[in-house]
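Asker:
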Amino acid sequence: MRVLHVVGSMNRGGIESFLMNVYRNIERSKLQFDFAVHTKDKCAFDDEIEALGGKIYRITPRNKSIIQNNKDWDNLFKTHSDINVVHQHVSSLTYVSPLRIAKKNGVQNCIVHSHNIQAESRLHYVFHLLNSRYIDKYANYYFACSNNAAKWLYGKSKVKSNNIQLVKNAINIENFLFQNDKRCDFRSNLSLNEGEIVIGHVGRFSEQKNHKFLIDIFEKISEKVKNAKLLLVGIGSLEKDIKYYVKEKKLDSNVMFLGNRSDVANIMQAMDIFLLPSLHEGLPLVLVEAQASGLMCFVSSEAVSNEAKITETYKSISLEKNAEHWSNEIIKSLYYKRKDTSVFVRKAGYEIKNEALNLQNFYLNL
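In terms of the UniProt record's numbering, the sequence shown opens at residue 1 and continues consecutively.
(1) Threshold first: 3 residues or longer. Then list the beta strand (DSSP E) segments lying entirely within the stretch 298-365, N to C.
(2) What are the start and end residues of the beta strand (DSSP E) that includes Ile197?
(3) In the DSSP assignment, the beta strand (DSSP E) including Ala144 goes from what residue to what residue?
(4) Tell me whether Tyr134 is buried or exposed, calling it buried when 16 or more other Cβ atoms sit within 10 Å of its Cβ.
(5) Spatial neighbours of Gln68 within its chain, please: C-beta separation below 7 Å, excluding the five flanking residues on both sides.
(6) Mapping DSSP to helix, strand and coil, what is His113?
(7) What do you get for Tyr335, buried or exposed, if any count of 16 or more other CB atoms within 10 angstroms of its CB means buried?
(8) For the putative contact between Glu289 and Ala308, defined by C-beta atoms under 8 Å, what is the C-beta separation to the nearest angstrom?
(9) Residues in its own chain within less than 6 Å of Asp74 by CB, not counting five upstream and five downstream?
(10) For the candidate residues Lys103, Lys137, Arg62, whose alpha-carbon lies nearest to that of Tyr95?
(11) From the DSSP output, which residues share a beta bridge with Tyr57?
(12) I'd like to check one pair, Ile56 with Asp72: are the Cβ atoms closer than 9 Å?
(13) According to DSSP, is Leu190 part of a helix, a strand, or is it coil?
(14) Need the endpoints of the alpha helix (DSSP H) that Phe218 sits in, please.
(15) Going by Cα to Cα distance, which pick from Ser132, Leu279, Leu99, Leu19 is closest to Cys110?
(16) List the DSSP bridge partners of Val233.
(17) By alpha-carbon positions, which one of Gln208, Phe362, Pro277, Lys64 ends up nearest to Thr39?
(18) Does Asp263 pass the burial test, meaning 16 or more other C-beta atoms within 10 Å, or should it be called exposed?
(19) Using a Cβ-Cβ cutoff of less than 6 Å, which residues in the same chain neighbour Val225 once the five nearest sequence positions on both sides are dropped?
(20) Looking at Gly203 and Met268, is the spacing between their C-beta atoms short of 9 Å?
(21) Using a Cβ-Cβ cutoff of less than 6 Å, which residues in the same chain neighbour Ser301 once the five nearest sequence positions on both sides are dropped?
(22) Roughly how many angstroms separate the alpha carbons of Leu93 and Leu153, rounded to a whole number?
Listed below in structure tokens is the structure:
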């Protein structure tokens with residue numbers, strides 16, 4: 001059986017990392033994953049996908065040509081009758097062409113999977129509302145990473161009907177276990193001293209992740225904690241703007257831009273605090289990783305529901321509170337004694353081997 005996952009790209013991000021976590025843990029002799037991406041550029045996971053037996057199909061983005069986008073999808077399904085399932089990963093119903101054209105070409109099993117709690121823009125929201133009236137024509141299975149993500153995409157009535165399958169953003173917990181000797185090694189690799197207080201963030205540079213406010217919070221922390229450092233992992237369209245903002249605030253020597261990294265688990269070992277003041281999220285995989293690492297986690301209450309609270313290290317603060325308030329709450333936790341929290345993450349169902357098996361069984365029973 002072959003499952004086609006529809007994504008923007010297969011660069012490092014929450015959805016993409018989750019899919020690769022699953023892909024590495026399924027029985028690939030029984031089930032194979034292919035990926036439809038909307039970029040001509042090579043992506044971070046391309047080589048691994050092909051090594052595992054998957055195929056990568058490149059689709060013209062709609063913002064380049066709607067006509068060619070539709071043609072690409074039509075051609076893909078006409079020439080690849082071995083695709084048994086189409087599984088589209090979305091933040092909103094702005095773009096449902098893959099499911100619509102798959103159905104038109106006879107693909108029987110179409111899944112839509114919600115990973116967020118709002119659209120990226122007002123225009124996207126308008127298209128989301130229009131397409132929401134037709135989604136039952138194009139999809140026959142409905143997934144979500146959280147209850148809030150389900151309510152956003154499908155509406156409360158569909159959620160109440162128990163027609164939604166919640167899929168946990170599971171991880172390989174062993175990779176994130178806190179170990180003090182590793183912490184020292186990875187701090188040394190990043191030229192960080194043991195006495196420095198390290199705040200960390202992992203996420204693409206986009207409006208959603210609220211980096212400017214994150215920098216404002218760190219500025220307030222650094223005024224009171226002179227040995228504070230900030231690690232920013234990720235790339236994105238707003239990276240240059242944020243670098244300029246950091247320079248403008250004269251924080252250059254305290255902020256490290258680490259780019260796109262494959263060793264996030266190691267970098268989390270080096271951190272003391274994980275900060276996620278996003279404007280909106282589904283249930284971020286990186287927050288599961290941070291809690292599995294035993295990090296104190298500070299997240300925006302508006303963006304992330306308490307479904308994401310797995311351990312006692314999780315703290316939520318409203319975005320209505322200013323940077324001063326956030327910094328004070330963070331400083332209160334600086335002397336928290338970090339420990340192994342993996343038992344709580346396992347108990348909550350975030351072990352990837354179990355979730356991969358659940359998904360594998362779902363696909364194979366279609």
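Beta carbons are placed, not taken as given, at the ideal position from N, Cα and C, and that holds for glycine.
From a predicted model like this one, the values you see are computed outputs, not experimental measurements.
Answerer: According to the structure shown:
(1) 314-317
(2) 197-202
(3) 141-144
(4) exposed
(5) Thr60
(6) strand
(7) exposed
(8) The pair is not a contact, with the Cβ atoms about 12 Å apart (cut-off 8 Å).
(9) Ile101
(10) Arg62
(11) Ala36
(12) no
(13) coil
(14) 211-224
(15) Leu99
(16) Val202, Gly259
(17) Lys64
(18) exposed
(19) Ile197
(20) no
(21) Ser316, Ser318
(22) 7 Å
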